[in-house]
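Just so we're aligned, residue 1 is where the sequence shown starts under my numbering, counting upward by one.
Note that the Cβ used here is the ideal one computed from N, Cα and C, for glycine as well.
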Amino acid sequence: MAGRSVEEFAAPLTVAWQLTNRCGARCIACCEESGPDRAWRDELTRGEALELAGRIADAGIPYVVFGGGEPLSVAHCWELFEQLASAGVTLKLETDGHHIDAAAAQRLARGSVRCVQIAVDGATAATHERVRPGSSFAGAIAAIECLRASGLAPQFVFVPNRFNLAEAVAAYELAARLGCEAFVTGPMMRIGRAAAAWDEIACDAADWCSTVAALSERAGALASTTRLCVYPMDILEEMRARLESPQAMLLIVPNGKVKLLNALPFVAADVRRDSLQRAWCAYREAWRSPAVSEFIAACCAQPALLRHANETWPLTPTGSQARQRELY
1 MAGRSVEEFA APLTVAWQLT NRCGARCIAC CEESGPDRAW RDELTRGEAL
51 ELAGRIADAG IPYVVFGGGE PLSVAHCWEL FEQLASAGVT LKLETDGHHI
101 DAAAAQRLAR GSVRCVQIAV DGATAATHER VRPGSSFAGA IAAIECLRAS
151 GLAPQFVFVP NRFNLAEAVA AYELAARLGC EAFVTGPMMR IGRAAAAWDE
201 IACDAADWCS TVAALSERAG ALASTTRLCV YPMDILEEMR ARLESPQAML
251 LIVPNGKVKL LNALPFVAAD VRRDSLQRAW CAYREAWRSP AVSEFIAACC
301 AQPALLRHAN ETWPLTPTGS QARQRELY
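Shown next, in the form of structure tokens:
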């Protein structure tokens with residue numbers, strides 16, 4: 001289906017579902033500004049989440065990506081995984097690995113989990129724990145080893161910044177030794193906590209380009225089965241690209257609001273009141289809103305506006321215009 005317009009799909013191909021904004025760490029580059037005390041007060045309840053999972057399965061949506069916050073910190077996450085897996089929905093999990101022991105790894109392997117991404121932001125404990133305060137390097141590595149022992153080859157996710165860039169090649173080598181399916185990296189996203197501290201933590205663009213070249217050279221030399229995956233766009237490039245060609249994906253944040261992209265504050269629908277079909281129609285319509293295109297243009301001119309990414313603005317003529325007046 002590559003190359004087809006989002007308008008041609010009767011339903012989304014993917015739901016990206018942020019179960020909670022709570023996490024055990026306070027990563028300096030966190031897109032969502034998550035943390036131990038950062039759960040939203042109105043996050044979906046267990047009953048609401050299970051009902052939504054049923055609707056996703058009934059709609060025939062083939063793929064669900066669970067993120068957060070830390071999705072495995074939500075007590076009912078396993079019920080959601082099992083409900084969706086039993087309906088034939090393929091799952092992806094984005095996690096810091098803290099909650100994955102041998103039993104959890106085997107449980108994931110028995111389900112329909114296609115991909116588990118483990119965040120590891122360094123080749124050493126000192127670096128990883130400097131940029132991911134509250135996270136455990138040893139725990140992340142142990143989670144990868146448990147998943148490998150259970151027959152799942154996880155992906156190693158590395159977010160580059162000023163403090164860990166020098167370890168990027170060593171981190172790829174570590175991922176290869178661990179038998180990871182892929183080493184996933186790309187430009188740090190200028191949203192969330194990263195946007196707030198951008199001048200202090202962002203690496204130099206030229207240094208990033210040099211690092212990508214070094215990674216490519218090392219991956220070729222190792223001839224490892226661990227794929228090197230470098231996302232080609234920064235967040236401003238992605239916003240422009242998605243405006244031109246939106247993804248066939250609904251992003252559901254912890255309180256059930258449906259957003260267009262994690263970098264955009266606009267809410268198109270609310271699964272607490274809207275059907276998934278209505279949410280899908282509203283999502284597609286929202287990408288044509290002048291408020292969205294104007295905000296993206298404004299962010300390209302003034303990247304500091306990306307500080308609004310994690311907000312949830314109602315996308316109505318009155319509400320969006322009021323927000324635009326505040327911004328300018």
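Proximity of residue i and residue j at Cβ, strictly below 8 Å
i: Gly24; j: Ser73; result: yes
i: Ile235; j: Arg190; result: yes
i: Gln247; j: Val6; result: yes
i: Ala57; j: Ala10; result: no
i: Leu52; j: Glu79; result: no
i: Ala119; j: Ala149; result: no
i: Arg218; j: Tyr172; result: yes
i: Gly60; j: Ala16; result: no
i: Ala29; j: Ile201; result: yes
Exposure label - residue i; buried when at least 16 CB within 10 Å
i: Asp96; result: buried
i: Tyr283; result: buried
i: Gly341; result: The displayed coordinates of the chain run from 1 to 328. Any statement about residue 341 would go beyond what the structure contains.
i: Ala195; result: buried
i: Tyr63; result: buried
i: Pro71; result: buried
i: Gly220; result: exposed
i: Pro232; result: exposed
i: Ser216; result: exposed
i: Glu311; result: exposed
i: Glu33; result: buried
i: Glu8; result: exposed
i: Glu237; result: exposed
i: Arg288; result: exposed
i: Arg193; result: buried
i: Thr20; result: buried
i: Thr127; result: buried
i: Gln117; result: buried
i: Gln277; result: exposed
i: Arg4; result: exposed
i: Gly151; result: exposed
i: Glu181; result: buried
i: Arg132; result: buried
i: Arg325; result: With a pLDDT of 46 at Arg325, under the threshold of 50, the predicted position of this residue should be treated as unreliable, and no value is reported.
i: Arg22; result: buried
i: Ala304; result: exposed
i: Ala309; result: buried
i: Ala2; result: Model confidence at Ala2 stands at a pLDDT of 46, short of 50, so the residue's coordinates are unreliable; what they give is reported in the following sentence. Exposed.
Run of the alpha helix (DSSP H) containing residue i, from where it starts to where it stops
i: Ala195; result: Gly192 to Ala196
i: Ile235; result: Ile235 to Glu244
i: Gly215; result: Gly is not the amino acid found at residue 215; the sequence shown has Leu there. Its alpha helix (DSSP H) spans residues Ala205 to Leu222.
i: Phe266; result: Phe266 -> not in any alpha helix (DSSP H); beta strand (DSSP E) instead, spanning Phe266 to Asp270.
i: Val169; result: Ala168 to Arg177
i: Thr127; result: Ala125 to Val131
i: Leu250; result: It is not in any alpha helix (DSSP H) - Leu250 instead sits in the beta strand (DSSP E) that spans Met249 to Ile252.
i: Cys281; result: Leu276 to Ala286
i: Ser136; result: Note, Ser136: premise wrong, no alpha helix (DSSP H); not H, not E.
Supposed close pair residue i, residue j - CB separation, criterion 8 Å
i: Gln18; j: Gly69; result: 6 Å
i: Leu260; j: Ala286; result: 6 Å
i: Cys299; j: Met239; result: 7 Å
i: Arg110; j: Lys92; result: About 16 Å separates the two Cβ atoms, so there is no contact after all.
i: Gly134; j: Arg38; result: Actually they are not in contact, since the Cβ atoms of Gly134 and Arg38 sit about 12 Å apart, beyond 8 Å.
i: Leu315; j: Ala279; result: Actually they are not in contact, since the Cβ atoms of Leu315 and Ala279 sit about 12 Å apart, beyond 8 Å.
i: Pro265; j: Trp313; result: 5 Å
i: Leu153; j: Ser112; result: According to the sequence as given, residue 153 is Ala; it is not Leu. So it is not a contact: roughly 16 Å between Cβ atoms.
i: Cys31; j: Asn262; result: 6 Å
Start and end residues, beta strand (DSSP E) containing residue i
i: Gly67; result: Tyr63 to Gly67
i: Glu94; result: Thr90 to Thr95
i: Gln155; result: Gln155 to Val157
i: Thr355; result: Because the chain in this structure spans residues 1 to 328, residue 355 falls outside the shown range and cannot be described.
i: Ile118; result: Val113 to Ala119
i: Arg107; result: From DSSP, Arg107 is part of no beta strand (DSSP E) but of the alpha helix (DSSP H) over Ala102 to Arg110.
i: Phe295; result: Careful: Phe295 lies outside any beta strand (DSSP E), inside the alpha helix (DSSP H) at Pro290 to Ala301.
i: Phe183; result: Ala182 to Thr185
i: Cys229; result: Arg227 to Val230
i: Val258; result: Lys257 to Lys259
Cβ-heavy atom distance, residue i to the ligand PLP, below 7 Å
i: Ala87; result: As far as ligands go, the structure on display features none, and thus does not contain the ligand PLP.
Exercise. So, do the segment 149 to 168 and the segment 178 to 188 have three or more beta carbon pairs nearer to each other than 8 Å?
Worked result: Counting C-beta pairs with one atom in each stretch, the segment 149 to 168 and the segment 178 to 188 have three or more that are closer than 8 Å, which means they touch.
For this session: Report yes or no: do three or more beta-carbon pairs, one from the segment 216 to 231 and one from the segment 249 to 257, lie closer than 8 Å?
Result: As far as the Cβ criterion goes, the segment 216 to 231 does not touch the segment 249 to 257, which means the pair count is below three.
For this session: Would you check if there are 3 or more beta carbon pairs closer than 8 Å linking the segment 162 to 181 to the segment 118 to 134?
Result: Of all C-beta pairs linking the segment 162 to 181 to the segment 118 to 134, three or more are shorter than 8 Å, placing the two stretches in contact.
Problem set entry | At least three beta-carbon pairs within less than 8 Å, the segment 282 to 299 to the segment 237 to 252 | yes
Exercise. Can at least three beta-carbon pairs, one atom from the segment 140 to 155 and one from the segment 86 to 104, be found at a separation below 8 Å?
Worked result: Result yes; three or more Cβ-Cβ pairs closer than 8 Å.
Exercise. Quick check: the segment 203 to 216 against the segment 173 to 180, are there 3 or more CB pairs under 8 Å?
Worked result: no
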